[in-house]
Structure formats: structure tokens, C-alpha cells
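Working notes, beginning with the structure itself.
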Amino acid sequence: MTKYVQKIIFLTILLPCATQSDVLVNTEFDYSDGTYTYEYSRQINGSSEKIFIILTDYEKYTKLNSNVQESRVISAPGQQIRRLLKIRQCIFFFCFNLQMVEKVVQSKFFIESSIIRDESNFLSGLASWELVKISGNKTLVRLRASQTPAFWIPPFIGPTLIKSVLFKELEETFTNLEILASS
Numbered sequence: 000m001t002k003y004v005q006k007i008i009f010l011t012i013l014l015p016c017a018t019q020s021d022v023l024v025n026t027e028f029d030y031s032d033g034t035y036t037y038e039y040s041r042q043i044n045g046s047s048e049k050i051f052i053i054l055t056d057y058e059k060y061t062k063l064n065s066n067v068q069e070s071r072v073i074s075a076p077g078q079q080i081r082r083l084l085k086i087r088q089c090i091f092f093f094c095f096n097l098q099m100v101e102k103v104v105q106s107k108f109f110i111e112s113s114i115i116r117d118e119s120n121f122l123s124g125l126a127s128w129e130l131v132k133i134s135g136n137k138t139l140v141r142l143r144a145s146q147t148p149a150f151w152i153p154p155f156i157g158p159t160l161i162k163s164v165l166f167k168e169l170e171e172t173f174t175n176l177e178i179l180a181s182s
């Protein structure tokens, strides 16, 4: 690959993403010692209340992203929920079957989850969804996460390609979230 093509790919991936409706998206991404850390935030047309209801309806995550194969609550003792999330993600011809069992804690407009290592194919992982009301029907939705996979990722895929695919999937998720919140 020529240096020119490498620079084009690099700049394309690092520039803030614009969705189909030209909504500015803020993204951050880092890879260090096997851990992927990222943030994705976007203004969504929809009330904070409705968006929170959608994000906490764990049984219906298949409506948020086409790669979600299964999402369900395993148990809900007290304030803590145990959720199973199965995702199938393909990059070129290499497919990953991701399984996460998470402890989920909810409070008003905030959801925090942590991966249970022994029941997942991740060594560790944390995620938080934060909803910030901007106006009557506009909400800033911010996802912050870090994940350390326990499975092998081929070197040709690498962090740069993971970042590109990850943000493409997050764009799909946030777009579907907005569609559901406005219906």
C-alpha cells in the first residue's frame, strides 16, 4: 500500500464521523496492551426518557444493531441485572462470535455494565451509557467503553480496522436508537 493511500485511510478514520443526516459525532479511540477504549457520543432526536426506556429494554437489542444475535436478562436480583449479549461481527472473511455476560446497574439516565470474565469471551470490559437532556426532544447520548478480548485477532485486522468497524456499528446503533426514539 502506498504512503498516500495509508494517509488517506488514516485521515478518514481519525476525522469525526458525520452520519447520514449530517449530525456531528464525537469519537475517541485508543488501543493499548490488548485493550480497546473508546467513546462515541451523538445528539439524538428523542426525549431522554424514551431513549432510556429503549436502552434498558435488553430483550430488544436486536432492533438496535443487525449484528446482535441475542440479548436477554439472565437474572435481576435487586438493583443489579445480569445480561447476556451475543454478537456476530465479520471483518472481511474473518468472523467473531462475541459473548458477553454483564452485570448492569441502572440509575436515572445512566447505565453501567461490567463484563463477567468467566462467562464471556472477554478478559474484561466496562461500558457506560449517559443521557444528557439538551432540550425537550433532543438528547446527547454518550457511550464510553473499554474491552479486552480473550480471543485472537489476526494481525492484518489490527486496531485501525477494528476502530473503523466499531464506529460503523455504533453509527448503526445510534441511528436505529434515534429512529425508535422518534416513533
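All the letters of the sequence shown, read from the start, carry residue numbers 0 to 182 under numbering that gives the first Met the number 0. We put the beta carbon where it would ideally sit given N, CA and C, even for glycine.
Name the DSSP beta bridge partners of S31, please?
Answer is T34, bridged to S31.
Roughly how many whole angstroms lie between the Cα atoms of L83 and E101?
For L83 and E101, the distance between alpha carbons rounds to 7 Å.
So that I know if they touch, is there some Cβ in chain C lying closer than 7 Å to that of V104?
No chain C appears in the structure shown, which is made up of a single protein chain.
In the DSSP assignment, find the alpha helix (DSSP H) that holds P148 and state where it starts and stops.
Where P148 is concerned, there is no enclosing alpha helix (DSSP H), although the beta strand (DSSP E) it sits in stretches over 137 to 148.
Identity of the residue in E171, Q78, S123 nearest F150 by Cα
For the residues E171, Q78, S123, the minimum Cα distance to F150 belongs to S123.
Contact between the region 38 to 51 and the region 135 to 142 (3+ Cβ pairs under 8 Å)
Yes: at least three Cβ pairs fall under 8 Å.
Buried or exposed by the 16-neighbour rule on C-beta atoms within 10 Å, applied to S47:
Buried is the call here.
If you reduce the DSSP assignment to three classes, tell me which class L63 lands in.
Coil at L63, not helix or strand.
Pick helix, strand or coil for S182, following the three-state DSSP scheme.
In the displayed model, S182 falls within coil according to three-state DSSP, outside both helix and strand.
Looking at the secondary structure, which residues open and close the beta strand (DSSP E) in which E129 lies?
121 to 134 is the span of the beta strand (DSSP E), which, as asked, contains E129.
Should Q193 be labelled buried (16 or more other beta-carbon atoms within 10 Å of its own) or exposed?
Residue coverage of the chain in this structure runs from 0 to 182, which leaves residue 193 outside it and unanswerable.
Simplified DSSP assignment, three categories, for T55:
Coil.
Closest residue to V72 among G33, E177, L63, E58 (Cα-Cα distance)
Here the closest residue by C-alpha is E58.
Which word fits S20, buried or exposed, when buried means at least 16 other C-beta atoms lie within 10 angstroms of its C-beta?
Any reading at S20 must be qualified, since the residue scores a pLDDT of 45, below 50, and its modelled position is unreliable; the value itself is stated next. If you draw a 10 Å sphere on the C-beta of S20, you find fewer than 16 other C-beta atoms in it, and that means exposed.
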